[in-house]
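Colleague: Numbering (the numbering used here), first residue to last: 1 to 158.
This is the structure, below, for whatever I ask next.
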């Protein structure tokens with residue numbers, strides 16, 4: 001583990017005291033020997049879901065469960081999809097719920113297509129609820145085994 005220079009120590013202390021999640025992520029990423037736990041706490045306390053996601057994705061030793069909680073509490077559907085797609089050990093069911101509650105059609109479609117263990121039927125129903133019949137139809141055509149035909153959206157223009 002490297003020893004920080006006095007200037008780096010000063011900058012790290014500034015970030016810990018008053019920096020934001022993006023500052024903490026960049027310092028942790030760029031400075032060998034950075035205090036990962038303290039910088040992660042900045043992300044948890046003052047960062048947003050995007051900061052939590054990139055910290056979890058790119059910083060070795062990050063607490064995935066704690067950072068995921070930021071995404072669950074504050075994130076949108078795309079944040080949840082990105083976390084589920086790229087973070088090993090992510091809670092797929094909990095992240096899918098964010099997509100169902102706060103996601104848009106693109107989030108629901110991508111989650112259903114790209115996340116192993118996703119509930120394609122629930123995501124399909126979200127697409128219908130959003131009035132996104134084109135996405136719903138495409139999903140049903142691509143994943144017929146996962147979509148209950150009785151709930152299929154009517155084809156547009158018919």
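Cβ coordinates follow ideal geometry from the N, Cα and C atoms, glycine included.
Considering only residues of the same chain and omitting the five flanking positions on each side of residue 57, which have a CB-CB separation below 7 Å?
Modeller: Closer than 7 Å at the Cβ level, and outside the excluded window around residue 57, lie 86, 87.
Colleague: Could you tell me whether the Cβ atoms of residue 29 and residue 64 are closer together than 8 Å?
Modeller: Result no, Cβ atoms of residue 29 and residue 64 do not sit closer than 8 Å.
Colleague: Please state whether DSSP places residue 72 in a helix, a strand or coil.
Modeller: Helix at residue 72.
Colleague: In or out: residue 126 buried (at least 16 other Cβ within 10 Å) or exposed?
Modeller: Buried: at least 16 other Cβ atoms inside 10 Å.
Colleague: What first and last residue would you give for the alpha helix (DSSP H) that runs through residue 127?
Modeller: That run of the alpha helix (DSSP H) goes 120 to 129.
Colleague: Below 8 Å CB to CB, which residues in the same chain sit around residue 68 once its five sequence neighbours on both sides are set aside?
Modeller: The answer, listed in chain order, is 52, 56, 83, 87, 90, 91, 94, 95.
Colleague: With a threshold of 8 Å on Cβ separation, who are the neighbours of residue 62 within its own chain once the five nearest residues in sequence on each side are excluded?
Modeller: Cβ within range, chain order: 36, 40, 55, 56.
Colleague: So what's residue 116 in DSSP terms, helix, strand or just coil?
Modeller: Residue 116: coil per DSSP, three-state reduction.
Colleague: Between which two residues does the alpha helix (DSSP H) holding residue 137 run?
Modeller: Counting along the chain, the alpha helix (DSSP H) containing residue 137 begins and ends at 133 to 142.
Colleague: Our contact map puts residue 108 next to residue 99 with C-beta atoms below 8 Å; I'd like the distance itself, whole angstroms only.
Modeller: Contact flag correct, Cβ pair sits at about 6 Å.
Colleague: How many Å lie between residue 111 and residue 43 at the Cα?
Modeller: Straight-line Cα distance between these residues: approximately 25 Å.
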